[in-house]
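Asks: Residue numbers (UniProt numbering): 1 to 262. All residues carry an ideal CB built from backbone N, CA and C; glycine is no exception. Since the structure is predicted, the reported quantities are computational estimates derived from the model, not experimental observations. The following block contains the structure, expressed as structure tokens.
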Amino acid sequence: MNLSTPTYAASDQGLDRRSVVTAAAWSVPVIAAAVAAPMAAASGTSTSCAVIPVGGFEVIGGTLSSNGSIGSSPETDGNFGTGWTPAKEPAGDSSTGYTQTDYAVAPAPASWWQGGGEVAEPGFLSLDDHNNTDGASQEPVTVALQFAVDVTAGTTYDFVLPIYTAAGYLGTQHLDVSITGAGVSLPGVVQGYVGDKSISVVPAAVEDYPVLGASQTPAVSFTPSSSGLVFFAYTFTLSYVSGGARQNADMLVQAPQLTSCV
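Now the structure itself:
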């Protein structure tokens with residue numbers, strides 16, 4: 001998957017349903033080397049338990065909207081709530097004049113905007129919407145990203161995948177997590193959705209996903225048959241929303257956490 005760094009930028013103004021936080025600034029990191037630290041923990045050389053993100057994130061099949069009910073894109077109005085968390089420097093994109101905003105990092109300590117999940121470890125926040133205006137395309141918009149970890153053949157690895165959801169009264173957003181690489185193939189280890197199906201045009205490919213709760217930490221275990229990189233691929237699917245506030249529900253995922261890390 002070719003994951004390119006997005007060019008979106010954002011101001012520090014909150015969105016309608018997310019204005020309860022005081023936003024902090026961030027920008028999307030570009031990580032060229034896809035090697036994570038936690039595998040060194042067994043030898044006592046690392047205290048980091050989180051898998052690192054790789055590259056940027058890719059928006060497929062349409063554009064993100066900072067406010068689905070009016071169809072304004074983050075590039076147009078500067079409101080942007082989708083991307084890596086917690087906050088990262090530099091604070092903004094000088095070419096646009098906007099400051100990119102991470103709605104997950106306030107109030108301190110860093111937490112999910114509606115309360116609940118702490119985001120001290122790296123993660124990703126999917127807070128923007130499909131363009132849900134009348135006449136807009138009803139094809140879904142997907143956001144794809146990856147985390148990567150360096151593994152050793154024959155070693156069993158146990159991870160938890162923290163996932164938080166909010167604004168479930170809005171239109172649906174769906175999540176698939178698949179794991180591949182280094183002799184590992186685990187499609188759809190986590191699948192779920194949050195939101196109101198009655199006001200959403202739910203794509204057939206995700207219509208059977210179970211509903212997600214406000215907070216969950218599904219576990220996954222694998223033993224790679226070869227040494228190398230294993231990729232955790234996260235795909236968020238935003239349905240077209242035809243009713244209500246015409247916005248999509250929200251998700252926050254933390255980076256996969258190695259449970260045996262100390």
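Counting along the chain, where does the alpha helix (DSSP H) carrying P74 start and finish?
Replies: Note, P74: alpha helix (DSSP H), 74-77.
Asks: Is G188 near S226, with beta carbons less than 8 Å apart?
Replies: No, they are not a contact pair.
Asks: Using C-beta distances below 7 Å, list every residue in its chain close to G61, excluding the 5 sequence neighbours before and after it, in chain order.
Replies: Closer than 7 Å at the Cβ level, and outside the excluded window around G61, lie E139, P140, V141, T142.
Asks: For C49, which residues of its own chain have a beta-carbon under 6 Å away from its beta-carbon, when the five flanking residues on both sides are left out?
Replies: P38, Q257, L258, C261, listed in sequence order.
Asks: Rank N131, P53, G228 by C-alpha distance to the C-alpha of D150 and give the top, closest one.
Replies: It is G228.
Asks: Within 10 angstroms of its Cβ, does D128 collect 16 or more other Cβ (buried), or is it exposed?
Replies: Burial call: buried.
Asks: Quick check: what's the CA-CA separation for L170 versus S69?
Replies: Rounded to the nearest angstrom, the two C-alpha atoms are 11 Å apart.
Asks: Cα-Cα, which of T156, V59, A205, V160 is closest to S215?
Replies: Of T156, V59, A205, V160, the residue nearest in Cα terms is V160.
Asks: Should P74 and A255 be called a contact, given that it needs their Cβ atoms to be closer than 8 Å?
Replies: Against a cut-off of 8 Å, the Cβ pair of A255 and P74 comes out as no contact.
Asks: Just the Cα atoms here: how many angstroms apart are T152 and P218?
Replies: The alpha-carbon atoms of T152 and P218 are separated by roughly 23 Å.
Asks: Would you list the residues sitting across from D150 in a DSSP beta bridge?
Replies: DSSP lists L229 as partners of D150.
Asks: Tell me which residues share the same chain as A42 and place their Cβ nearer than 7 Å to its Cβ, disregarding the 5 neighbours each side in the sequence.
Replies: Note that A42 scores 30 on pLDDT, short of 50, meaning its location in the model is unreliable and no value can be drawn from it.
Asks: In whole angstroms, what is the alpha-carbon distance linking V211 and V190?
Replies: Cα to Cα, the separation comes out at about 11 Å.
Asks: Alpha carbon to alpha carbon, what distance is there between D77 and G192?
Replies: Straight-line Cα distance between these residues: approximately 30 Å.
Asks: For F232, which residues from the same chain have a beta carbon less than 7 Å from its beta carbon, with the 5 sequence-adjacent residues on both sides left out?
Replies: Within the same chain, F232 has close Cβ partners V51, Q146, F147, V177, I179, P256.
Asks: Measure the Cβ-Cβ separation of G135 and I199 and say whether it is below 8 Å.
Replies: Going by C-beta atoms, G135 is not nearer than 8 Å to I199.
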